[in-house]
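Residue numbers (my numbering): 1 to 300.
Structure record follows, encoded as structure tokens.
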């Protein structure tokens with residue numbers, strides 16, 4: 001066995017940069033977080049082992065987590081995750097139907113918001129969702145007579161989550177969208193010719209019976225990226241409302257809860273326990289996606 005490993009020694013040089021970075025920035029932090037989750041650690045004193053106390057408090061006594069962070073995260077994830085994923089696929093499919101050189105410019109226009117989120121937040125969304133009469137959205141709705149008084153889109157506890165969802169969906173055309181577009185454009189055209197012979201008569205049937213099965217790897221990648229992007233969101237509510245925590249914790253997500261305990265209260269051990277809970281949540285969500293789009297060999 002060792003001789004066989006040694007025979008591939010040149011290959012290890014090529015994967016060494018990735019392996020080293022992955023170990024330093026992914027593997028070690030994960031094991032460190034798991035270890036700290038069983039301790040009380042305030043960043044000053046040495047970690048003190050307390051067993052399962054952090055997890056027991058998280059699932060039974062942390063009312064802020066149980067009442068706001070967890071329900072808000074599920075609501076946000078259930079809408080933004082599948083919604084952004086479906087929108088990415090549909091937009092990629094529509095762009096693939098275009099002909100001519102302007103296809104790449106439309107794809108770039110759809111992808112750009114995911115790159116300029118901070119700039120777009122300042123220039124577009126904050127003036128648009130301003131809670132006074134000169135806010136673009138309020139001004140437009142007042143002129144149409146759809147509302148009588150300006151709405152506090154980003155400071156009202158009843159409206160903040162909806163605003164967060166809309167803004168996040170607008171910026172959801174990220175790497176997953178590009179992967180889906182590449183997958184659609186690289187489907188073997190002979191499949192469509194064979195499909196027409198077998199009775200497929202319209203574009204929707206082509207998409208359902210040919211395009212989606214042929215690009216399962218890209219669909220899986222897009223699903224994983226949608227899950228990661230959704231669950232790691234947290235700053236959006238603070239940026240929109242300008243308040244930390246958000247008004248009446250209406251936009252308080254699990255990531256906000258981690259930041260609260262880790263960087264404001266300096267209860268690093270408890271913050272690590274919340275991080276481990278979020279990691280498990282993302283892991284099982286990814287397993288679900290592997291079951292939908294992965295091959296039988298990958299699932300097993």
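Ideal Cβ positions, reconstructed from N, Cα and C, are used throughout, including at glycine.
On a predicted model such as this, the values are computed, not experimentally measured, just so you know.
Query, Result
"Which parts of the segment 177-218 are runs of the alpha helix (DSSP H), unbroken and 4 residues or longer, counting only runs that do not cross its ends?", "189-197 and 203-206"
"Are the beta-carbon atoms of residue 89 and residue 180 separated by less than 8 Å?", "yes"
"Quick check on the burial criterion: 16 or more other C-beta atoms within 10 angstroms. Buried or exposed for residue 68?", "buried"
"If you draw a straight line from the C-alpha of residue 56 to the C-alpha of residue 157, how long is it?", "29 Å"
"Do you know offhand how far residue 47's Cα is from residue 257's?", "21 Å"
"Starting from residue 287, trace the alpha helix (DSSP H) both ways and give me its first and last residue.", "268-293"
"Just to check my reading of the structure: residue 222 and residue 206 have Cβ atoms closer than 8 Å, yes? What is that Cβ distance to the nearest angstrom?", "Not quite, the Cβ-Cβ distance comes to about 19 Å (not below 8 Å), so this is no contact."
"Confirm, please, whether the CB-CB distance from residue 224 to residue 186 is below 8 Å.", "no"
"If you follow the alpha helix (DSSP H) that residue 110 is in, where does it begin and where does it stop?", "103-115"
"With DSSP as the reference, please indicate the residues paired to residue 133 in a beta bridge.", "Bridge partners of residue 133: none, in fact."
"In or out: residue 178 buried (at least 16 other Cβ within 10 Å) or exposed?", "buried"
"Closer than 8 Å by C-beta to residue 139: which residues in its own chain qualify, once you throw out the five before and the five after it? Chain order, please.", "133"
"Residue 80 and residue 110: beta carbons closer than 8 Å?", "no"
"Determine the direct distance from the alpha carbon of residue 215 to that of residue 293, and round the result to whole angstroms.", "9 Å"
"Mind the definition here: the segment 228-240 touches the segment 93-107 only if three or more C-beta pairs lie below 8 Å; say whether that holds.", "no"
"By Cβ distance, which residues of its chain are closer than 8 Å to residue 210, with the 5 residues on each side in sequence left out?", "187, 191, 192, 195 and 200"
"Would residue 254 and residue 70 qualify as a contact pair, given that the criterion is a beta-carbon distance under 8 Å?", "yes"
"Do residue 150 and residue 131 have their beta-carbon atoms positioned less than 8 Å apart in this structure?", "yes"
"Please determine, among 250, 202 and 18, the residue with the shortest C-alpha to C-alpha distance to residue 76.", "250"
"Measuring straight from C-alpha to C-alpha, what distance separates residue 164 and residue 74?", "13 Å"
"In the DSSP assignment, what residue or residues form a beta bridge with residue 40?", "48"
"Using only alpha-carbon positions, find the residue among 148, 202, 243 and 146 that is nearest to residue 160.", "243"
"To the nearest angstrom, how far is it from the Cα of residue 167 to the Cα of residue 270?", "30 Å"
"Leaving out five residues before and five after residue 184 in sequence, what residues of the same chain have Cβ atoms less than 7 Å from its Cβ?", "92, 93, 96, 211 and 215"
"How many Å lie between residue 189 and residue 228 at the Cα?", "32 Å"
"Are the CB atoms of residue 281 and residue 231 nearer to each other than 8 Å?", "yes"
"Starting from residue 57, follow the alpha helix (DSSP H) in both directions and report where the run begins and ends.", "53-60"
"With H, G and I counted as helix, E and B as strand and the rest as coil, what does DSSP make of residue 149?", "coil"
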